[in-house]
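Chemist: Sharing a structure here in structure tokens format.
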Amino acid sequence: MTARLITVAGPPSAGKTAVVRQILKNLIPEFKVAYLKIDVVQAWEDEELAEEFHIPTKKVYSGDMCPDHTGILVLQDAVEWANSVDADYLIYESAGLCLRCTPYTTHSFGLCVVPAVSGMHTPLKMAPMITFADAVIVTKIDLVSQAEKEVFREAIRQVSSETDIIETDALAGTNMRYLMKRIFELSETRNDADQLRGSPPLGVCTVCIGKKDVGWQNHFGVIRPLDAPDTLFRGE
Amino acid sequence: MTSSNSILSITVLPGKSKNGTAENFSEIILSPGDVLSIVGATGSGKTAFINDIEVLAQGDTVTGRIILVNGQNPPDDFIRDPSKKPIAMITQNTKCLADLTVHEFLEMHLRSRKISDISLLEKTIQTANKFTGEKIAAGMRICSLSGGQTRSLFIADAVIISNTPIILLDELENAGIFKEKVIEELRQLRKTTIFVTHDPYVALLTDRRIVMENGTVKCILEPGDLEKDVLFRISEIDKELSAMRERIRGGELLFENKGGTSV
Ligand SMILES: Nc1ncnc2c1ncn2[C@@H]1O[C@H](COP(=O)(O)OP(=O)(O)OP(=O)(O)O)[C@@H](O)[C@H]1O
Ligand SMILES: Nc1nc2c(ncn2[C@@H]2O[C@H](COP(=O)(O)OP(=O)(O)O)[C@@H](O)[C@H]2O)c(=O)[nH]1
Ligand SMILES: [Mg+2]
Ligand SMILES: [Mg+2]
């Protein structure tokens with residue numbers, strides 16, 4: 060049996076974990092769920108959810124590496140881990156940082172979580188994350204007026220005319236039945252090689268990884284002084 | 017778009033109180049043209065009640081209530097497609113976070129409701145300006161409008177653009193807008209209306225009054241003609257208060273003269 064993979068993406072504090080909680084409430088106890096959190100330096104969700112729902116959880120800190128790149132490095136192992144604990148679903152909550160990339164893989168069910176309190180231009184700013192998603196979950200609708208909610212929906216529609224949009228007060232679980240319907244219908248994750256849906260801009264940059272010092276004089280490899288017409292190579 | 021004269025009734029089925037006990041009514045039905053008020057202490061669940069109607073709750077809100085449309089489970093379209101939704105709600109919240117101009121906001125709302133008649137945009141601003149003292153202009157940024165201006169614009173938007181048969185208004189009186197003009201406008205259009213209110217005048221104007229307590233409906237009153245005399249008196253008091261309010265706003269000094277009215 061292969062666990063169905065659900066990828067949850069979205070900016071920090073969008074309500075990703077709140078949405079995950081609602082999914083867990085609906086899946087447990089009928090189904091067994093494993094949860095993976097990837098973040099840069101700090102995350103607590105795994106411990107909270109393990110305690111609240113008694114499910115197997117894991118966390119990975121990506122540290123100097125791009126968290127979404129870390130995601131694809133560890134995801135294969137994570138699916139194997141989920142299978143080893145007999146999970147029906149594996150929920151992977153991404154860090155959701157730069158918004159340029161999409162952590163969704165072709166085999167996973169990709170959720171983009173975005174709060175209704177974001178500015179109207181936010182959907183444009185995070186266009187890849189929205190267009191590659193299987194469903195956009197608009198959270199915090201309890202905090203905006205109805206007209207604003209409808210205009211925000213239209214802002215998402217400008218970026219993607221097709222993607223399923225589900226509006227929710229994620230604390231109360233409003234309209235979650237539409238999301239759950241799709242989650243219940245997911246087929247088992249395929250076993251063949253999985254790939255990112257979108258291409259990352261630079262993947263992971265082996266040039267800058269872990270390097271903090273300001274000034275090209277402190278670096279080797281591909282460098283760029285301010286007034287140089289192009290990048291240069293500097294050997295050690 | 018749902019036209020304002022299509023027959024549409026809403027049924028509210030009971031949920032539970034804040035401590036989880038069952039709510040004590042069998043059903044509340046709103047028929048076309050009904051005008052109701054919801055009263056109760058702060059925190060008693062008034063907003064939660066109309067919010068249930070707005071999202072067409074199916075046991076998936078804090079209250080656990082279920083809402084039916086024409087006696088049946090609402091079609092998914094009503095919930096998921098704003099252009100089909102027969103309900104417009106104006107929240108208590110008087111801040112709009114949209115980083116758009118009034119014109120852009122209304123234009124996008126027209127598009128989301130799949131309306132091509134662009135003249136409604138100007139009409140919405142004109143209607144809003146009937147409700148507010150300081151005028152709204154199309155080029156103003158939504159987030160820089162005052163609470164009252166935002167409220168006025170959202171009410172006009174609900175009436176003109178959403179043009180839904182059912183309108184839910186949360187504490188209309190709060191933002192200092194001309195509430196009589198709003199009530200008059202809604203009455204003329206024969207909208208099914210719910211006013212959540214702390215204002216005695218608005219409460220007594222409605223045909224039915226729902227009283228909330230601890231997150232539940234405590235009782236439902238249908239005073240008929242019983243309150244007629246009191247309503248008359250309150251409307252006189254309200255007129256006097258409104259007149260005073262306008263004069264204070266205009267910078268006048270008010271003091272009692274011998275006749276007992278303010279000068
Ligand atoms: N039946 C219920 N069960 C659980 N929580 C509830 C219930 N009804 C309301 N609440 C919660 O109680 C709080 C106060 O309710 P609400 O905002 O509806 O009060 P209100 O009557 O509108 O108050 P105000 O006059 O201050 O606006 C909210 O957080 C709401 O979610
Ligand atoms: N009012 C409201 N608050 C929400 C909603 N969804 C999330 N929150 C709150 O927003 C904050 C961030 O949510 P969280 O799920 O931790 O976001 P994450 O960083 O994307 O995982 C928390 O305080 C949540 O309680 C919602 O739909 N309505
Ligand atoms: Mg989280
Ligand atoms: Mg309220």
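Chains as they are written, first to last, in the working numbering: chain Y, 60 to 295; chain B, 17 to 279.
Every residue gets a Cβ at the ideal spot worked out from N, C-alpha and C, and that includes glycine.
Model, not experiment: these values are computed from the prediction.
#1: Going straight from the alpha carbon of ASP186 of chain B to that of GLN108 of chain B, what length do you get?
#2: Can you give the Cα-Cα distance for ILE175 of chain Y and LEU184 of chain B, rounded to whole angstroms?
#3: Quick one: grab the DSSP three-state call for ILE152 of chain Y.
#4: Identify the continuous beta strand (DSSP E) that holds TYR94 of chain Y and give its terminal residues.
#5: Leaving aside the five residues before and after TYR151 of chain Y along the sequence, list all residues of the same chain whose C-beta is less than 6 Å from its C-beta, in chain order.
#6: Please report the Cβ distance between ILE182 of chain B and LEU169 of chain B, rounded to the nearest whole angstrom; I am assuming they are in contact, meaning their Cβ atoms lie under 8 Å.
#7: Flag THR58 of chain B as yes when its Cβ comes closer than 8 Å to any non-hydrogen atom of ligand 3, and as no otherwise.
#8: So which residues on chain B does SER219 of chain Y lean against when the C-beta distance must stay under 7 Å?
#9: Please classify VAL279 of chain B as buried or exposed, where buried requires at least 16 other C-beta atoms within 10 Å of its C-beta.
#10: The alpha helix (DSSP H) with SER251 of chain B in it runs from where to where?
#11: Strictly under 9 Å for the Cβ-Cβ distance: is ASN67 of chain B near chain Y by that measure?
#12: Can you find a C-beta in chain Y that's less than 9 Å from the C-beta of PRO91 of chain B?
#13: Could you work out which residue in B:ARG203, B:ARG167, B:ALA154 is closest to VAL203 of chain Y when comparing CA atoms only?
#14: If you reduce the DSSP assignment to three classes, tell me which class MET179 of chain Y lands in.
#15: State yes or no: is the C-beta of LEU230 of chain Y nearer than 8 Å to some heavy atom of ligand 2?
#16: Establish whether the CB of VAL233 of chain B and some CB of chain Y are separated by less than 9 Å.
#17: Going by C-alpha distance, which of Y:VAL218, Y:LEU64, Y:LYS84, Y:THR198 is nearest GLY74 of chain Y?
#18: Give me every residue whose Cβ sits closer than 5 Å to any heavy atom of ligand 5, in chain order.
#19: Starting from THR190 of chain Y, trace the alpha helix (DSSP H) in both directions and tell me its first and last residue.
#20: How long is the line joining the alpha carbons of SER53 of chain B and LEU221 of chain B, rounded to whole angstroms?
#21: Is there a Cβ of chain Y sitting closer than 9 Å to that of GLN74 of chain B, yes or no?
#22: Could you give the residue range of the beta strand (DSSP E) that holds MET105 of chain B?
#23: So, is ASN250 of chain Y buried or exposed, given that buried needs 16 or more other C-beta atoms within 10 angstroms?
#24: Could you give the first and the last residue of the continuous alpha helix (DSSP H) run that contains LYS234 of chain B?
#25: Can you tell me which residues fall inside 7 Å of ligand 4, judged by beta-carbon distance to its nearest heavy atom, and keep chain order?
#26: Once you ignore the five residues that flank PRO216 of chain B on each side, which residues in its own chain have a CB closer than 7 Å to its CB?
#27: Could you check the C-alpha separation between MET185 of chain Y and ILE45 of chain B for me, to the nearest Å?
#28: Hey, is THR143 of chain B's beta-carbon within less than 9 Å of any beta-carbon in chain Y?
#29: Does DSSP classify LEU184 of chain B as helix, strand or coil?
#30: What's the gap between the Cα of PHE41 of chain B and the Cα of LEU29 of chain B?
#31: So ILE225 of chain Y packs on ILE196 of chain Y, CB below 8 Å; how close in whole Å?
#32: Suppose you measure from the CA of GLU209 of chain Y to the CA of GLY280 of chain Y; what does that come to, to the nearest Å?
#33: Three or more beta-carbon pairs under 8 Å between the region 24 to 38 of chain B and the region 70 to 83 of chain B, yes or no?
Modeler: On the basis of the coordinates in this document:
#1: 5 Å
#2: The displayed chain sequence assigns Ala, not Ile, to residue 175 of chain Y. Going from the Cα of ALA175 of chain Y to the Cα of LEU184 of chain B covers about 20 Å.
#3: It is Glu, not Ile, that sits at residue 152 of chain Y in the sequence shown. It is a strand residue.
#4: 92 to 98
#5: THR66, LEU95
#6: With a Cβ gap of about 19 Å, ILE182 of chain B and LEU169 of chain B do not count as contacting.
#7: no
#8: In chain order: nothing, as chain B lies at least about 14 Å away.
#9: A caution first: VAL279 of chain B carries a pLDDT of 45, below 50, which makes its placement in the model too unreliable to give a value.
#10: 244 to 265
#11: yes
#12: no
#13: B:ARG167
#14: coil
#15: yes
#16: no
#17: Y:THR198
#18: Absence of ligand 5 is noted for the structure shown, with ligand 1, ligand 2, ligand 3 and ligand 4 being the only ligands found.
#19: 186 to 190
#20: 9 Å
#21: yes
#22: 103 to 106
#23: exposed
#24: Per DSSP, LYS234 of chain B belongs to no alpha helix (DSSP H); it is in the beta strand (DSSP E), 232 to 237.
#25: B:LYS62, B:THR63, B:GLN108, B:ASP186, B:GLU187, B:VAL212
#26: ILE250
#27: 43 Å
#28: no
#29: strand
#30: 8 Å
#31: 5 Å
#32: 50 Å
#33: yes
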